[in-house]
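Here is the structure we will look at, set down as structure tokens.
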Amino acid sequence: MSEALSDAKAKSPKYALNRAMLGELIELLSKEGHQLIGPQREDGTIVLNPITSLEDLPVGLEDEQDSGRYRLKSIAPDDARADSLFQTTVGPQSWRRYLFPPRQTLWKARRNGAGWEIDADAEATPKYAFIGVRSCDLTAIAVQARVYDNGDYTDPGFTARLGAAFIIAVNCTRAADTCFCASMDAGPAAREGYDIALTELAAPGGEVWFVAEVGSRRGADLLEAVGAGPAGAELVAAGEAAVAATARAMTRSIPADAAALLQRNPEHPHWADIAARCLGCANCTMVCPTCFCSTMEDVTSLDGQEAARLRHWDSCFSLDYSYIHGGPVRRDVKSRCRQWMTHKLSSWHEQFGTSGCTGCGRCITWCPVGIDITEEIAAFAKYQTTEIREEA
Amino acid sequence: MTYVKDGASLERSKTDDPMVPDLYEVKSLLRELDDTFTLTVSLPGQMEQFRFSPGQFNMLYKFGVGEVPISISGDPGATGELVHTIRNVGPVTDAMSYLRPGDMIGVRGPYGSSWPVEAAVGKDVVIVAGGIGLAPLRPAILHCLNHRDQYGDLVLYYGARSPSEMLYEREIERWRRRGLHVEETVDHAEPSWTGHVGVVTHLIDRGDFHPDKTLAFVCGPEIMMRYAVQALTDSKVPDTQIYVSMERNMKCALGFCGRCQYGPVFICRDGPVFPYQKIAPYMKTREI
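From first to last, the protein sequence lines stand for chains W and P. Residue 359 in this note's numbering sits at position 218 of the first sequence, and the numbers go up by one each step. Residue 431 in this note's numbering sits at position 139 of the second sequence, and the numbers go up by one each step.
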């Protein structure tokens, strides 16, 4: 961030609002035609669902995450955070589910004599309001925005959905054990790409207050509309301290030289070690908030008169992903592990000027065998080899 | 890592969807080989606007079956129609082999990088092709022949598995008459074959060109391209003057689907034609 920007940010007013005001605010968004999407408890995890009020949020819940492990638990009633809304961190889903849905109809066509007519505008753009976007996921949205608007081509669906969305970010006042956004420079405080960013604070009596930062004119208008006043210096300081403590609490990290490390080690023996544990199940790519790979599916009606092109999420762990006439290029799980991890941490920089990893930790939690990207990269750093094997 | 939340830049028209093809009419389907055919299509009234550079490709869609990336094989100087030479290797290309004049196909493109025919002006051009790899090189050959006086020696080394699998056989004779030096070779000869036998890379050291002032364009199976690059550098062609065309699975050609990643490059956007130096490390890595 440039000096001028950070200076402007320091001067921008911060608001204080309580839970009732936040409830009113999302009600206003709903009245404006936004579909509210927020974290909600479902099937023992926190998923991102359409919600109608703050009561749908995971009130008084927190999560425990570790490699291959996820548990929800209630915050003790005597804990000041017992009425908090945002004490769970990230669950298995991310916002790409809404911005680039897992299954999309690109267009439909109907036969018309020798040719056919294409109906490209099959679905209207939904107008979302995302409630509770974490900094790692805001970063992921920005990372994906670069993918889907790459200078040459724009995905109209993604850009329209993002353009229409109202984003309420939440600065994390708690880190899961799997979190490492701080080392990816992606959190825990939201920096940009939001309309409003909240820091949740629980007063000793249990009343929940939010410090709100403004990211857009509309964000400010809404805060004024629900009567949010200027945040006092004490509240602001408490919020900043809580977020700073979250950053300090993170134990996992990715080394700064990860990109170069993987770039010079495509033949490192540790790939075989990872592959020996990896099931090739693709969970890591499905939960990753930046993964963007997709495939197409062509369908026809039984009478052959109608056709449709569907696009759905794909994974570099599937054999079909690298198929060209003759067979898959990446036959070995080893080469698929290398593709995924090298892409995330190394080649993404060359492609898009950023890392493909935001430190959200989802791939660690949701790996059924507990492969931990931070541990694996540490293994490469430990057993470095600069020898590149020439293959005939 | 910024995008403007308040800005209008994110609001683009949905009608600009780059995934929606244009409908082209099939003009002819010429059977070249047992498994290879040349499809000529046209979009009446709009073909004049279609410009491509040699080496670029289109995404061709067969109604209800699917879409595949196919190099453009036509003459870049001729407008009015689009020509693709296609090998039947899967369900989509198989369905396309049954197309007839008057049928429609979907076309998106052109996409990708091209053979550096402009940078080659004043130089010798050596083209090394293996099998169907000649199809993406045909526009480059035609461009060079259309501007014959701008180039030095023009050489084509073409290898096929057998004489009956040699693409564009009659046309190659016409190219010869227009000033292209052609050497052909086959892996397996037939009794009537009087030409070279063996891999195409063995033709490169014949001394038909001036290595220091040569640009080399290579397209064929990856193993053949690796050996061709080796033979070219052995013949003292600097590897900065060698270009190769790569192929990977592609679903969108826009850089969105991720499938054509080859190391850090997207073959659809950064390629398919690469300066060899740019991708040399990946050509040496198995299953990259």
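Ideal Cβ placement from N, Cα and C applies to all residues, glycine included.
How would you list, in chain order, the residues of chain P whose beta-carbon sits under 7 angstroms from the beta-carbon of residue i?
{"i": "glycine 445(W)", "result": "Gly356"}
{"i": "proline 430(W)", "result": "Result: empty, since nearest Cβ-Cβ is about 14 angstroms, beyond 7 angstroms."}
{"i": "histidine 466(W)", "result": "Val381, Gly382"}
{"i": "glutamate 491(W)", "result": "Pro556"}
{"i": "aspartate 296(W)", "result": "Phe548"}
Can you tell me whether residue i is helix, strand or coil according to DSSP?
{"i": "leucine 364(W)", "result": "helix"}
{"i": "arginine 238(W)", "result": "helix"}
{"i": "asparagine 406(W)", "result": "coil"}
{"i": "threonine 426(W)", "result": "helix"}
{"i": "aspartate 473(W)", "result": "coil"}
{"i": "glycine 201(W)", "result": "coil"}
{"i": "phenylalanine 307(W)", "result": "strand"}
{"i": "histidine 175(W)", "result": "coil"}
{"i": "asparagine 438(P)", "result": "helix"}
{"i": "threonine 436(W)", "result": "strand"}
{"i": "proline 361(P)", "result": "strand"}
{"i": "alanine 250(W)", "result": "strand"}
{"i": "serine 454(P)", "result": "coil"}
{"i": "arginine 315(W)", "result": "coil"}
Do you know how far the Cα of residue j is from the Cα of residue i?
{"i": "serine 442(W)", "j": "histidine 376(P)", "result": "29 angstroms"}
{"i": "threonine 371(P)", "j": "alanine 323(W)", "result": "56 angstroms"}
{"i": "valine 274(W)", "j": "proline 267(W)", "result": "18 angstroms"}
{"i": "arginine 358(W)", "j": "aspartate 336(W)", "result": "8 angstroms"}
{"i": "tryptophan 248(W)", "j": "histidine 175(W)", "result": "25 angstroms"}
{"i": "isoleucine 563(P)", "j": "leucine 429(P)", "result": "The amino acid occupying residue 563(P) in the given sequence is glycine; isoleucine does not appear at that position. Taking the straight line from one Cα to the other gives about 14 angstroms."}
{"i": "alanine 411(P)", "j": "phenylalanine 349(P)", "result": "20 angstroms"}
{"i": "glycine 490(P)", "j": "leucine 240(W)", "result": "54 angstroms"}
{"i": "threonine 246(W)", "j": "threonine 431(W)", "result": "21 angstroms"}
{"i": "threonine 506(W)", "j": "valine 447(P)", "result": "58 angstroms"}
{"i": "aspartate 500(P)", "j": "arginine 518(P)", "result": "21 angstroms"}
{"i": "glycine 356(P)", "j": "valine 381(P)", "result": "18 angstroms"}
{"i": "cysteine 313(W)", "j": "glutamate 517(W)", "result": "26 angstroms"}
{"i": "arginine 304(P)", "j": "alanine 283(W)", "result": "Caution applies to arginine 304(P), whose pLDDT of 32 falls short of 50 and renders its modelled position unreliable; the value that the coordinates give is listed next. C-alpha separation (whole angstroms): 17 angstroms."}
{"i": "methionine 437(W)", "j": "cysteine 504(W)", "result": "25 angstroms"}
{"i": "serine 456(P)", "j": "cysteine 544(P)", "result": "34 angstroms"}
{"i": "aspartate 184(W)", "j": "valine 200(W)", "result": "16 angstroms"}
{"i": "phenylalanine 558(P)", "j": "isoleucine 571(P)", "result": "11 angstroms"}
{"i": "lysine 306(P)", "j": "aspartate 296(W)", "result": "Low confidence applies here, because lysine 306(P) scores a pLDDT of 36, under 50, leaving its location unreliable; read the following figure in that light. Going by the C-alpha atoms only, they are around 9 angstroms apart."}
{"i": "proline 469(W)", "j": "methionine 538(P)", "result": "15 angstroms"}
{"i": "alanine 399(W)", "j": "alanine 327(W)", "result": "16 angstroms"}
{"i": "proline 180(W)", "j": "leucine 226(W)", "result": "9 angstroms"}
Report the neighbours of residue i on chain P: residues whose CB is nearer than 9 angstroms to its CB, in chain order.
{"i": "tyrosine 462(W)", "result": "Asn541, Gly550, Arg551"}
{"i": "aspartate 473(W)", "result": "Arg578, Glu579"}
{"i": "threonine 521(W)", "result": "Residue identity check: residue 521(W) is phenylalanine in the sequence provided, not threonine. What phenylalanine 521(W) touches in chain P: nothing, since even the nearest Cβ is about 16 angstroms away."}
{"i": "threonine 441(W)", "result": "Phe355, Gly356, Val357"}
{"i": "histidine 484(W)", "result": "Gly550, Gln553, Pro556"}
{"i": "serine 488(W)", "result": "Gln553, Gly555, Pro556, Val557"}
Check the C-beta distance from residue i over to residue j and give it rounded, since I have them as a contact under 8 angstroms.
{"i": "methionine 162(W)", "j": "alanine 379(W)", "result": "With 8 angstroms as the limit, methionine 162(W) and alanine 379(W) do not qualify as a contact, their Cβ atoms being about 18 angstroms apart."}
{"i": "glycine 555(P)", "j": "isoleucine 580(P)", "result": "6 angstroms"}
{"i": "alanine 333(P)", "j": "valine 399(P)", "result": "Residue identity check: residue 333(P) is valine in the sequence provided, not alanine. Yes, they are in contact, since the Cβ atoms of valine 333(P) and valine 399(P) sit about 7 angstroms apart, within 8 angstroms."}
{"i": "isoleucine 308(W)", "j": "isoleucine 167(W)", "result": "That pair is no contact at about 12 angstroms."}
{"i": "histidine 484(W)", "j": "glutamine 569(P)", "result": "Not really, about 22 angstroms apart at Cβ, beyond 8 angstroms."}
{"i": "glutamate 196(W)", "j": "isoleucine 216(W)", "result": "Not confirmed; about 16 angstroms, so no contact."}
Check the Cβ of residue i against every Cβ in chain W and list those closer than 8 angstroms, keeping chain order.
{"i": "isoleucine 362(P)", "result": "Here the premise fails: no neighbours, minimum Cβ distance about 12 angstroms."}
When we look at the beta-carbon of residue i and count the other beta-carbons within 10 Å, is it buried (16 or more) or exposed?
{"i": "aspartate 298(P)", "result": "No answer about aspartate 298(P) holds up, because its pLDDT of 36 lies below 50 and its placement is not dependable."}
{"i": "leucine 431(P)", "result": "A small correction: the amino acid at residue 431(P) is proline; leucine does not occupy that position in the sequence shown. The residue in question, proline 431(P), is buried, as its Cβ has 16 or more Cβ neighbours within 10 Å."}
{"i": "threonine 506(P)", "result": "buried"}
{"i": "isoleucine 358(P)", "result": "Checking the sequence shown, residue 358(P) turns out to be glycine, not isoleucine. By the 10 Å Cβ count, glycine 358(P) comes out buried."}
{"i": "aspartate 219(W)", "result": "exposed"}
{"i": "lysine 214(W)", "result": "exposed"}
{"i": "glutamate 173(W)", "result": "exposed"}
{"i": "glycine 155(W)", "result": "The question names glycine, yet the displayed sequence has lysine at residue 155(W). It is buried - the Cβ of lysine 155(W) has at least 16 other Cβ atoms within 10 Å."}
{"i": "asparagine 253(W)", "result": "exposed"}
{"i": "tyrosine 524(W)", "result": "exposed"}
{"i": "leucine 426(P)", "result": "buried"}
{"i": "arginine 477(W)", "result": "buried"}
{"i": "isoleucine 515(P)", "result": "exposed"}
{"i": "glutamine 480(W)", "result": "buried"}
{"i": "serine 194(W)", "result": "exposed"}
For a contact defined as C-beta to C-beta under 9 angstroms, what are the partners of residue i on chain W?
{"i": "alanine 395(P)", "result": "Here residue 395(P) is aspartate; the residue named in the question, alanine, does not match the sequence. Correct list: Ala255, Gly256."}
Find the residues of chain B that neighbour residue i, judging by a C-beta separation of less than 8 angstroms, and give them in chain order.
{"i": "arginine 453(P)", "result": "Among the protein chains of the structure shown, namely W and P, there is no chain B."}
Quick one: list the residues of chain P neighbouring residue i, beta-carbon separation under 8 angstroms, in chain order.
{"i": "tryptophan 248(W)", "result": "Asp309, Met311, Val312"}
{"i": "aspartate 293(W)", "result": "Leu546, Gly547, Arg561"}
{"i": "serine 435(W)", "result": "Lys543, Cys544, Phe548, Cys549, Gly550"}
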